[in-house]
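What follows is a short report on a single structure.
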Amino acid sequence: ARTRVSQSFKNTGAFWAEGVYVFPLPEKAAVDQFRLKIGERIIESRVEERQAARASYRRARAAGKKTSLLEQQRPNVFTTSLANIAPGENITVEFSYQQRLDYKDQQYRLRFPLVVGPRYHPSAQTGHGTDRPSQNDTSVQTETDEIDMNRNPTRIHILLDAGVSLAALESRYHKIDIRQTSETRYSIATVGNRIRTDRDFELIWKPLTGDQPHLGAVTQTLNGESYTMLTLLPPDLSYLQQQVRAREVIFVLDISGSMGGASIRQAKAALLKALERLNSVDRFNLVWFNDKAGRIFPHSQPAKKHFIEFARQFVRRIEASGGTEMLPAMELALSQQQPYERFRQVVFLTDGNISNETELFRLIDAQLGESRLFTVGIGAAPNAYFMRKAAGKGRGSFTYIGDINEVEEKTRALFEKLEHPALVNISLDLDRQRYEIFPENIPDLYAGESATIVLKGSPPPAQVTITGDYGHSEWRSSVTIESQKIETRDANNDDTGNNDAETASKVSLDQLWAKEKIEALMTQYQQTSHEPVRLRLKQAVTDTAIRHHLVSRFTSLVAVDVTPVNANGLLYRQKMKNNLPHGWSQASGGQTIMLAQTAAGWRLHLLMAAVFFTGACLLHGWRRSRTSIQA
Numbered sequence: 150a151r152t153r154v155s156q157s158f159k160n161t162g163a164f165w166a167e168g169v170y171v172f173p174l175p176e177k178a179a180v181d182q183f184r185l186k187i188g189e190r191i192i193e194s195r196v197e198e199r200q201a202a203r204a205s206y207r208r209a210r211a212a213g214k215k216t217s218l219l220e221q222q223r224p225n226v227f228t229t230s231l232a233n234i235a236p237g238e239n240i241t242v243e244f245s246y247q248q249r250l251d252y253k254d255q256q257y258r259l260r261f262p263l264v265v266g267p268r269y270h271p272s273a274q275t276g277h278g279t280d281r282p283s284q285n286d287t288s289v290q291t292e293t294d295e296i297d298m299n300r301n302p303t304r305i306h307i308l309l310d311a312g313v314s315l316a317a318l319e320s321r322y323h324k325i326d327i328r329q330t331s332e333t334r335y336s337i338a339t340v341g342n343r344i345r346t347d348r349d350f351e352l353i354w355k356p357l358t359g360d361q362p363h364l365g366a367v368t369q370t371l372n373g374e375s376y377t378m379l380t381l382l383p384p385d386l387s388y389l390q391q392q393v394r395a396r397e398v399i400f401v402l403d404i405s406g407s408m409g410g411a412s413i414r415q416a417k418a419a420l421l422k423a424l425e426r427l428n429s430v431d432r433f434n435l436v437w438f439n440d441k442a443g444r445i446f447p448h449s450q451p452a453k454k455h456f457i458e459f460a461r462q463f464v465r466r467i468e469a470s471g472g473t474e475m476l477p478a479m480e481l482a483l484s485q486q487q488p489y490e491r492f493r494q495v496v497f498l499t500d501g502n503i504s505n506e507t508e509l510f511r512l513i514d515a516q517l518g519e520s521r522l523f524t525v526g527i528g529a530a531p532n533a534y535f536m537r538k539a540a541g542k543g544r545g546s547f548t549y550i551g552d553i554n555e556v557e558e559k560t561r562a563l564f565e566k567l568e569h570p571a572l573v574n575i576s577l578d579l580d581r582q583r584y585e586i587f588p589e590n591i592p593d594l595y596a597g598e599s600a601t602i603v604l605k606g607s608p609p610p611a612q613v614t615i616t617g618d619y620g621h622s623e624w625r626s627s628v629t630i631e632s633q634k635i636e637t638r639d640a641n642n643d644d645t646g647n648n649d650a651e652t653a654s655k656v657s658l659d660q661l662w663a664k665e666k667i668e669a670l671m672t673q674y675q676q677t678s679h680e681p682v683r684l685r686l687k688q689a690v691t692d693t694a695i696r697h698h699l700v701s702r703f704t705s706l707v708a709v710d711v712t713p714v715n716a717n718g719l720l721y722r723q724k725m726k727n728n729l730p731h732g733w734s735q736a737s738g739g740q741t742i743m744l745a746q747t748a749a750g751w752r753l754h755l756l757m758a759a760v761f762f763t764g765a766c767l768l769h770g771w772r773r774s775r776t777s778i779q780a
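For the sequence shown, the working numbering gives the first residue as 150, with consecutive numbering after it.
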């Protein structure tokens, strides 16, 4: 899917202004286009190493030139800086990104985040968190306030080409207007001139599925290099429901202050439903955490009536308070792994709004063992980057519950997946010396989800075969790449910034592959303290991002006008507040977070101009694969 975002600024003050706006994006967003629009003039950007881009911006700002800078602060948090805006002037910043679509619970999801949740900063010395960022935290802090519908008004317009007929199409948190323009195409817009920006926007559509997993492939060639994306869709659940596997399930519940209000109610309701679904052959335990962490049983107990009732009473009594010290809870959840003949699953219910994600990732890598980690994002604005990556490292999946009315449905769907893995021990029959393949370790495939693999290598493989365990049988599927359409994209003439929907919707597989490679390199970067290794990995990230024209932690996009307009170079700055996530209050948040800085009197207008979908077509267009089940 390709998304184009327009951020419109108007300086209603009496002074020349500079603004810095902090905003969330999907954690898998590959940001590749950025430009300034001043009236009829357009100023295109260039990608530079991060410090060089900042220097270019500062020089242009000091020279009185209009300039803008797009930076990544975290994988899912970005900033736009804009300098030398004249009194009364309107300026629009446009950028675009692409991402792979989520396929969960037999339906596709596109989530567009609209609010940045406060981050909790643990203290290594005292164990007590602070609302102040550490000196090593490079993220921009934000300032939130109670909900104001006039703040940061947003409109969303979507062009959807599903590729197949749909059984359902909806947005659960915002009202939308749907117009069907053909059998498989839709035009979708949010209702009214503005929508609430205190919770994330999510669009869901459900296609028909078959009774076996499906393997699809598409290849593109750029500058002599071939990039291939493989998409594996699971079967219907009916076959898998016939199988029951003994499990050990460890529930982990966040009861910190940030979970206060609607979030803790949703989490408790989800956990109570989950306890009901335990089978008699299962064992379970419950870990809780805020400033401290503990378990309700010294060891996992059989899922018998009296143990389950004890856990239910504990859940009903708890209230949210205190800090978010997640590390000790994760250690408890991943400890006491016994050589049972059981499938061990850890289910983490949290909003994930912490600042020490890297420490958690290291712990998961070191102590996961044979466990599978599933994260459940609770509330209006969970930290999706942490939740999704933790689940990926844990060979599990991420589920988002944004409303109390979704608890029963989504809890049921999650535990159907946990009870019945669709495809495990997946392997790819390709020469890894010849092709760069991501992810390097293919996760298990669960019912109602999809798995995507991207690879680079020339020439593209003539055939790809994936194998795995499907129930009590071996599953094997092959697809012939040469029979698929091979597209060639000119990296030096990419016109995705124009208004033509068909052009703008084109997926650039090289950038999707590069995004996955950068994420893998960043994981290595975060896991080592050896400075020569970190420098080598930093350079590899920088080289990959610049070659594929992407924003990363070490690269930014900068746009600079050639003509000075502000002769004296004086600029005025003032912090601007943003909405708290839906269901939060200043008391429950417990942290101060400064979201945007603009000139006094500014009005900031955010507009997501268009979202074009091609991912669904890629997932559904190649089902002519050879599939065999061997008992």
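Backbone N, C-alpha and C define an ideal beta-carbon position, used for all residues, glycine too.
Do the CB positions of residue i and residue j come within less than 8 Å of each other?
| i | j | result |
| --- | --- | --- |
| residue 523 | residue 497 | yes |
| residue 501 | residue 531 | yes |
| residue 418 | residue 556 | yes |
| residue 781 | residue 198 | The shown model of the chain, from 150 to 780, leaves out residue 781, and the question about it has no answer. |
| residue 259 | residue 242 | no |
| residue 216 | residue 170 | no |
| residue 567 | residue 494 | yes |
| residue 395 | residue 431 | yes |
| residue 674 | residue 686 | yes |
| residue 196 | residue 689 | no |
| residue 348 | residue 264 | yes |
| residue 401 | residue 367 | no |
| residue 438 | residue 398 | no |
| residue 499 | residue 527 | yes |
| residue 350 | residue 323 | yes |
| residue 180 | residue 603 | no |
| residue 537 | residue 221 | no |
| residue 428 | residue 452 | yes |
| residue 481 | residue 444 | yes |
Identify every residue that forms a DSSP beta bridge with residue i.
| i | result |
| --- | --- |
| residue 403 | 438 |
| residue 355 | 317 |
| residue 239 | 159 |
| residue 253 | 256 |
| residue 605 | 376 and 585 |
| residue 179 | 247 |
| residue 673 | DSSP output for residue 673 lists no bridge partner at all. |
| residue 195 | 707 |
| residue 443 | 437 |
| residue 700 | Answer is none; residue 700 lacks a bridge partner. |
| residue 334 | 310 |
| residue 329 | 335 |
| residue 600 | 381 |
| residue 186 | 191 and 241 |
| residue 612 | 629 |
| residue 450 | 433 |
| residue 350 | 261 |
| residue 681 | BP columns for residue 681 are empty, so no partner. |
| residue 576 | 616 |
| residue 398 | 433 and 494 |
Could you round the C-beta distance between residue i and residue j to whole angstroms and report it? I think they count as a contact, below 8 Å.
| i | j | result |
| --- | --- | --- |
| residue 572 | residue 619 | 5 Å |
| residue 670 | residue 219 | Not confirmed; about 21 Å, so no contact. |
| residue 176 | residue 224 | 5 Å |
| residue 594 | residue 586 | Actually they are not in contact, since the Cβ atoms of residue 594 and residue 586 sit about 16 Å apart, beyond 8 Å. |
| residue 183 | residue 234 | About 17 Å separates the two Cβ atoms, so there is no contact after all. |
| residue 343 | residue 303 | 6 Å |
| residue 375 | residue 608 | 6 Å |
| residue 783 | residue 421 | Outside the displayed range of the chain (150 to 780) lies residue 783, so it cannot be described from this structure. |
Taking 7 Å as the cut-off, does the CB of residue i come closer than this to any heavy atom belonging to the ligand HEM?
| i | result |
| --- | --- |
| residue 676 | The ligand HEM is not part of this structure, which contains no ligands at all. |
What are the uninterrupted segments assigned as beta strand (DSSP E) that are 3 or more residues long and contained completely in the region 457-529, given in chain order?
492-499 and 521-527
Take every Cβ of the region 694-714, pair it with every Cβ of the region 183-191, and state whether three or more of those distances are shorter than 8 Å.
yes
What runs of the beta strand (DSSP E), each 3 residues or longer, lie entirely inside the region 207-232?
214-223
Counting beta carbon pairs with one atom in the region 656-669 and one in the region 243-257, are three or more of them shorter than 8 Å?
yes
Touch test, the region 622-629 against the region 330-341, Cβ-Cβ under 8 Å, three pairs minimum:
no
Is the region 452-472 touching the region 403-410, taking contact as three or more C-beta pairs under 8 Å?
yes
Determine contact between the region 509-517 and the region 545-552, defined as no fewer than three beta-carbon pairs at a distance below 8 Å.
no
Is the region 348-358 in contact with the region 307-317, if contact means three or more CB pairs nearer than 8 Å?
yes
As an exercise, report each continuous beta strand (DSSP E) stretch of at least 3 residues that is fully enclosed by the region 544-568, in chain order.
547-550
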